[in-house]
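Asker:
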Amino acid sequence: RTQSVSLSRLLVANPFVSGRIYIQPLINFELKPKMKFASFATTIVLSFQGIQGFTVSNGVGSSRSLKLSSSAEKVSAETETSAGDYEISPEFGGAMKQVTGALASVVGGTSLESPLEYFCNEYFTACDKAKQDGADVSPTTASENMMNALQYGMKYGMEDKFTFGVTHKALRGDAENEDGNTVDYYKFGCDFFKPAMDMKKSVLLGEDALKKASKQIEDGENVVFFANHQSEADPQVMSILMEDAGFNKEAADMVYVAGHKVTTDTLAIPFSMGRNLICIHSKKHINADPETKPYKSKQNLLAMNGMLKMKKKGGALIWVAPSGGRDRRDLETGEVPIAPFDQKTIDMFRLLGNKSKVPTHFYSVSMVSYDLCPPPDVIEAGTGEQRNVRYVPVGIKISDELDNVGGVESRHLFTEHAFDVCQEGYNDLLEAIKKNEE
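Residue numbering for the sequence shown is 1 to 438, as defined by the numbering used here.
1. Spatial neighbours of Thr493 within its chain, please: CB distance less than 6 Å, with the 5 preceding and 5 following residues excluded, ordered by chain position.
2. On the DSSP bridge list, what partners appear for Met367?
3. If contacts are defined as beta-carbon pairs under 8 Å, then Gly157 and Ile269 qualify, I think. What distance do you get, rounded to the angstrom?
4. Find out if the Cβ-Cβ distance for the pair Phe226, Phe119 is shorter than 8 Å.
5. Would you tell me roughly how many angstroms separate the C-alpha atoms of Gly406 and Thr263, rounded to the nearest one?
6. Out of curiosity, what's the CA-to-CA distance linking Val166 and Lys261?
7. Taking the DSSP output, what are the residues bridged to Met197?
8. State the DSSP-derived secondary structure class of Asn441, mapped to helix, strand or coil.
9. Out of Ala135, Leu204 and Pro359, which has the shortest C-alpha to C-alpha gap to Leu317?
10. Can you check whether the CB of Phe193 is closer than 8 Å to the CB of Ser214?
11. Please check if any C-beta of chain D sits within less than 8 Å of the C-beta of Asn222.
12. With a Cβ-Cβ cutoff of 8 Å, do Pro375 and Ser202 count as a contact?
13. Am I right that Ile338 and Val365 are in contact with their C-beta atoms under 8 Å? What's the rounded C-beta distance?
14. Is the number of C-beta pairs between the region 298 to 313 and the region 161 to 180 that are closer than 8 Å three or more?
15. Using the beta-carbon count (16 or more within 10 Å), is Ile433 buried or exposed?
16. Using the beta-carbon count (16 or more within 10 Å), is Val421 buried or exposed?
17. Quick check: the region 222 to 236 against the region 346 to 354, are there 3 or more CB pairs under 8 Å?
18. Identify which residue in Gly353, Met238 and His417 has its Cα closest to the Cα of Ala372.
19. So, using beta-carbon positions, are Phe271 and Gly325 closer together than 8 Å?
20. Look at the alpha carbon of Val137 and the alpha carbon of Gly315, and state the distance between them as a whole number of angstroms.
21. Assuming Pro235 contacts Cys127 under a Cβ cut-off of 8 Å, what Cβ separation, rounded to an integer in Å, is found between them?
22. Straight-line CA distance for Leu150 to Leu267?
23. Go through the region 87 to 168 residue by residue and report every complete run of the alpha helix (DSSP H) that reaches 4 residues or more, in order.
24. Taking the continuous beta strand (DSSP E) assigned at Leu331, which residues delimit it?
25. Does DSSP classify Asp287 as helix, strand or coil?
26. Spatial neighbours of Asp184 within its chain, please: CB distance less than 8 Å, with the 5 preceding and 5 following residues excluded, ordered by chain position.
27. Give the straight-line distance between the Cα atoms of Glu113 and Ala104, rounded to the nearest whole angstrom.
28. Report yes if the C-beta distance between Ile286 and Lys296 is below 8 Å; otherwise report no.
29. For the beta strand (DSSP E) containing Phe439, list its first residue and its last residue.
30. Between the Cα of Lys313 and those of Ser282, Glu437, Val368 and Ile217, spot the shortest distance and give me the residue it belongs to.
31. Can you tell me which of the three DSSP states Arg411 falls into?
32. Determine the direct distance from the alpha carbon of Met147 to that of Lys442, and round the result to whole angstroms.
33. Pick out whichever of His361, Glu424 and Gly425 has its Cα sitting closest to the Cα of Asn404.
34. Closest to Gln343 by C-alpha separation, out of Asp400, Thr333 and Val408, would be which residue?
35. Can you name, in chain order, every residue of its own chain whose Cβ lies under 7 Å from the Cβ of Ala135, other than the five neighbours on each side?
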């Protein structure tokens, strides 16, 4: 902890301490005072009372054992969480205390403690509600998911920060072709968020349109989904609902246009590692730091070149949010309107489709996922935002293929049409979910 004081800037910037955590049978903690804070050898063993126990070790070798206790301070009462007045069950509450207590042994008294405890409280409460609703999730599963998220976030978000290129191919645990990697980060992300999705009340609409898009991809043509964007878990929402409808390959192969946050934020990095990405800087954040604007602009050009190569090859399925960011709640009404589509973004995708010389088809995709991981009400340029997780139904709707309305002089008509169709689908989803909840 004496070193954590000298690294206060690191602690403020990153929500996790680095360490390697793997499942094993006891509880240990090792701290070498001369090590850098990001390289503290941490061994955390979870032994539950009344539930199946397991331990977490970093494989470095332990020096002494510690009893786990929840010593972290309570999350501020001023911050609304998914728990509210909900009383978490003893099983999930005990599992959560083991995780937060072990982490408090490492980060207690630092700026990491409160956000980590908050995140754990959100996730375990969501999983407990899912279990009470009949979902197949246990305290052990929830703990494993959380510890994996922490392990990967620590390793690739701080200690050995993972660097994304302008394009990124999902890491699926293919050791031979992935430089020895044996972790399927795509599966990890889906396994983490699925327990928080109320699958019985969730909705996928537009299955016929999805079948048509799938056939176009199979024929070597390109498909672009213009989607509204509501939460950090939107790729997992797409995958889980599409897989539930039998579109496993399309779900895994989809390429996402990703902003800088999902490739630089400590917690987001491991989830992004499991996705096919085109990495850009959105117009909302490219001007945040004038000194880096030239670099960001150059990177965007390289990303567009990468996308053009992808489209020339054919058979690509690309998801993009033309709004440039997540939908935000209206603080006066409490409703979540979808953000307007940016015409220049849509024009660019249509232009690249023409330049590729490969037929490109456009669809609007509506998404309802805001309540799963509600974003901050205020848009922030930096990373490290508070993480919320709620047990709620989610939904997606794939529209019919968009008509090619408007010409060169009326390009705005196509953008308006794509947005209107997305808005219509969004309303359909809200209505369908509402009926499922009655």
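The beta-carbon is built from N, C-alpha and C at its ideal position, and this holds for glycine as well.
Since the structure is predicted, the reported quantities are computational estimates derived from the model, not experimental observations.
Answerer: A quick look at the data gives this:
1. Here the chain has residues from 1 to 438 only, and residue 493 is not among them.
2. Ile396
3. 5 Å
4. no
5. Computed Cα separation, rounded: 35 Å.
6. 14 Å
7. Residue pairing of Met197 in beta bridges, as defined by DSSP: Val392.
8. Examination of residue 441 is not possible in this model, given that the chain is present from 1 through 438 alone.
9. If we check each option's Cα against that of Leu317, Pro359 comes out closest.
10. no
11. Absence of chain D from the displayed structure is noted, only one protein chain being present.
12. no
13. Rounded, the Cβ-Cβ distance is 11 Å, inconsistent with contact.
14. yes
15. Burial call: buried.
16. buried
17. By the criterion of at least three beta-carbon pairs nearer than 8 Å, the region 222 to 236 is in contact with the region 346 to 354.
18. Note on identity: in this sequence residue 372 is Leu, with Ala being the wrong assignment. Closest by alpha carbon: Met238.
19. no
20. 36 Å
21. Actually they do not touch by this definition, with Cβ atoms about 20 Å apart.
22. 8 Å
23. 90 to 107, 113 to 132 and 139 to 154
24. Counting along the chain, Leu331 falls outside any beta strand (DSSP E), and DSSP gives it neither H nor E.
25. Residue identity check: residue 287 is Asn in the sequence provided, not Asp. Of the three classes helix, strand and coil, the one that applies to Asn287 here is coil, per DSSP.
26. Excluding five sequence positions before and after Asp184, the CB atoms of its chain that fall closer than 8 Å to its own CB belong to Leu171, Arg172, Gly173 and Gly274, given in chain order.
27. So the two alpha carbons sit approximately 6 Å from each other.
28. yes
29. An answer regarding residue 439 cannot be provided, because it is not within the stretch 1 to 438 covered by the chain.
30. Ile217
31. helix
32. No information on residue 442 is available, as it lies outside the stretch 1 to 438 that the chain covers here.
33. His361
34. Val408
35. Pro195
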